[in-house]
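**Student:** Take this structure first; my questions come after.
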Amino acid sequence: MRTYLVLLLFSAGFSYFLTLSLARLAAERGWAGRHGDEPDADGTPRLGGVAVFIAFLLTLGILFLRHNQVTSRVTQESLRGLALLGAATGVFLLGLYDDLRGARPWEKLLVQLLAGGWLYMADFRVEILSNPFTHTPIVLGWLSVPVTLLWLVAISNAFNLIDGLDGLAAGVGLFACLALFLLAALVGNSFTAVSAICLAGALLGFLPHNFHPARIYLGDSGSLTLGLCLAALSVASSQKGPVLITMAVPLLIFGLPLLEVSVTTLRRLLSGHPLFRRDEEHLHHRLLKIGGTQRSAVLVLYGLAALFALSSLLVFNYTGAFSPVIALLCGTLAWLVVSRMQYPEFAELDSHIRQALRNQPQVLRNQISIRKAGALIGATATADELWCSVTDLLEQLDFGGARCEFHGSRSLHFNWGNAAQQEGGNTLSSQWMMEIPLVHRGIGRGTLVLYRSLERSTMLFRLSALMDLLRGSFCNRMTDFADHETLPLDDEAGVVPSVRKAAAG
């Protein structure tokens, strides 16, 4: 344990002074960095990842200056270590280029996939998952490749997404590093333990310069590299631990970043926005919008990250029936947090689901009535019967009235008002109207105007289905009657519609 403590202190010291020097140098040289396609408006450099990465590498080098038991075990996995450093360096250079020049989303994704493929070939693989309730192993087989790549890329981008407030990504990363270190130490995985504690020290030394108001930002060079390293280390740790650690524990360690990725992806899909477009609707942005300050928002998210990290340790130590309960509590906590953020996308989704569950039986009945009305319209023998069949349907769909003017060889005029709604005192001022042009073979033949009370509930039917009926079957049949006095009823149809007196002009 003394070796780990020394590594932590050396890494923190290196990072602190490197960050201090780099912040001063960047301020003197005007290295403001970029945010997306535009330079940072406040002039704060986005090169903190450089100091963190260099401190991480220097501390790993110090490990081998003195031979001990930890060094010996790490040396046995030197090839995996070099593979991790190679992949991390590639993503680091990508992030640095993005900070200074700006990289396109597909360019970043391509490099991340290449780095993930390199790590997979170096045996950083998610090959087994576990059922959290029965704890039985699930061997992935060929699915190991996409699952591993998805995990590495998702966690890397997750830390990039939460890097939006001073000290947030670095602090959350510190909690994840410490949790990974403890888990790796418990299972005797020295490679993961050393890497995690060196990375934790680098973040610890960087944080004093990154707290609000920040003198330097972590940047993509830091957040993307941090996420990739932590994702790879979680895979390495799970490969030497019990079956349960292969799924539940890493998910909890990265609970906050994964929650951010899930929320961001879902809300962009719901709103139809591109997945890679930047916006200011992340969890930390919403905390600010609902009244939080920079410091309070970061502290709230720190607390959430700490709870997730603690939960991962509890799940690891208390296997059995208790672990699903912990996971369920964490999921409930995540849902409560998101619900408090007042996202319009999720509010609308919740309303839509509730209405669908409550109204779906009536919607189905109304859709069946619309479909049946199509058959009745085709069987009508007179214009009056046609109008009555339509008004019967409109009354069932809770419309307040209708008016139709149709022109052909003769002009037809119809008016209908729902008696029940008229008795309720509805006037034109308390109704909305919809005017539907009736077109037959490209020629305008008339109009159909529908009225509905403003106080009536949501339309419990698909409006497009009603429009297809009125502009299709109804218009075609009305054309026949406008050009002829009457048409005989088809004997084969066997349908006699209920005829109700209608006002016809």
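The opening residue of the sequence shown carries number 629 in the numbering used here; numbering runs sequentially from there.
Each residue gets a CB set at the ideal place from its N, CA and C atoms; glycine is no exception.
Bear in mind the structure is a predicted one, so any value in this text is a computation, not a measurement.
#1: Would you kindly report the start and end of the unbroken alpha helix (DSSP H) that includes A1030?
#2: Determine the contact status of L757 and I766, defining contact as a CB-CB distance below 8 Å.
#3: Roughly how many whole angstroms lie between the Cα atoms of V822 and E909?
#4: If I follow the unbroken alpha helix (DSSP H) through V739, where does it start and stop?
#5: Given S940, which residues of its chain have a CB within under 6 Å of its CB, disregarding the five upstream and five downstream residues?
#6: Can you tell me which residues form a DSSP beta bridge with W779?
#7: Between which two residues does the beta strand (DSSP E) carrying Y1079 extend?
#8: Using a Cβ-Cβ cutoff of less than 7 Å, which residues in the same chain neighbour F692 once the five nearest sequence positions on both sides are dropped?
#9: Kindly identify the DSSP beta-bridge partner or partners of P1065.
#10: Three-state secondary structure (DSSP) at G816?
#11: Across which residues does DSSP place I766 in a beta bridge pair?
#12: Would you call the stretch 835-849 in contact with the stretch 636-649, where contact means no fewer than 3 C-beta pairs closer than 8 Å?
#13: Give me whichever residues DSSP pairs with N987 in a beta bridge.
#14: With a Cβ-Cβ cutoff of 8 Å, do A864 and F720 count as a contact?
#15: Hey, L796 and V926: beta-carbon distance below 8 Å or not?
#16: Do the CB positions of R674 and Y946 come within less than 8 Å of each other?
#17: Which residues does DSSP list as the beta-bridge partners of S1039?
#18: Quick check: what's the CA-CA separation for G792 versus A813?
#19: List the endpoints of the continuous alpha helix (DSSP H) containing M1095.
#20: For L887 and I1005, what's the separation of their Cα atoms in angstroms?
#21: Under DSSP, the alpha helix (DSSP H) around M1106 begins and ends at which residues?
#22: Does the stretch 962-981 come close enough to the stretch 1080-1087 that 3 or more CB-CB pairs lie under 8 Å?
**Tutor:** Once the coordinates are examined:
#1: Reading the sequence shown from its first residue, position 402 is the one you call residue 1030. Unbroken run through A1030 is the beta strand (DSSP E), 1029-1035; no alpha helix (DSSP H).
#2: Position 129 of the sequence shown holds residue 757. Position 138 of the sequence shown holds residue 766. Yes. Within cutoff.
#3: One-based indexing of the sequence shown puts residue 822 at position 194. One-based indexing of the sequence shown puts residue 909 at position 281. So the two alpha carbons sit approximately 36 Å from each other.
#4: Sequence index remark: in the sequence shown, residue 739 carries index 111 (1-based). Unbroken alpha helix (DSSP H) run through V739: 733-749.
#5: Counting from 1 along the sequence shown, the entry for residue 940 is found at position 312. Close CB contacts of S940 within its chain, under the 6 Å cut and outside five residues either way in sequence, are with A807, V877, L880, I881 (chain order).
#6: Start at 1 with the first residue of the sequence shown, and residue 779 comes out as number 151. W779 is not bridged to any residue.
#7: As a first step, residue 1079 is located in the sequence shown; it is residue number 451 there, counting from the start. Y1079 -> beta strand (DSSP E) spans 1071-1081.
#8: Here residue 692 corresponds to residue number 64 of the sequence shown, with the count starting at 1. Answer for F692: T699, listed in chain order.
#9: On the sequence shown, residue 1065 is found 437 positions in, with the first residue counted as 1. BP columns for P1065 point to T1075.
#10: On the sequence shown, position 188 is the one that residue 816 refers to. G816 falls in the coil class under three-state DSSP.
#11: Here the question's residue 766 lines up with position 138 in the sequence shown. Answer is L757, bridged to I766.
#12: yes
#13: In the sequence shown, the residue the question calls residue 987 occupies position 359. Bridge partners of N987: none, in fact.
#14: Residue numbering aside, residue 864 sits at position 236 when the sequence shown is read from its first letter. Residue numbering aside, residue 720 sits at position 92 when the sequence shown is read from its first letter. Not a contact, by the Cβ cut-off of 8 Å.
#15: Counting from one through the sequence shown, the residue named residue 796 turns up at place 168. Counting from one through the sequence shown, the residue named residue 926 turns up at place 298. Yes.
#16: Against the sequence shown, residue 674 aligns to sequence position 46. Against the sequence shown, residue 946 aligns to sequence position 318. No, they are not a contact pair.
#17: Start at 1 with the first residue of the sequence shown, and residue 1039 comes out as number 411. According to DSSP, S1039 shares a beta bridge with H1035.
#18: Here residue 792 is taken as the residue at index 164 of the sequence shown, counted from 1. Here residue 813 is taken as the residue at index 185 of the sequence shown, counted from 1. Using only the alpha carbons, I get a separation of about 32 Å.
#19: Sequence index remark: in the sequence shown, residue 1095 carries index 467 (1-based). Per DSSP, the unbroken alpha helix (DSSP H) holding M1095 starts and ends at 1091-1097.
#20: Residue 887 sits at position 259 when you count from the first residue of the sequence shown. Residue 1005 sits at position 377 when you count from the first residue of the sequence shown. If I take the Cα positions, the gap works out to 53 Å.
#21: Working through the sequence shown from its first residue, we reach residue 1106 at position 478. Element bounds for M1106: 1103-1111.
#22: no
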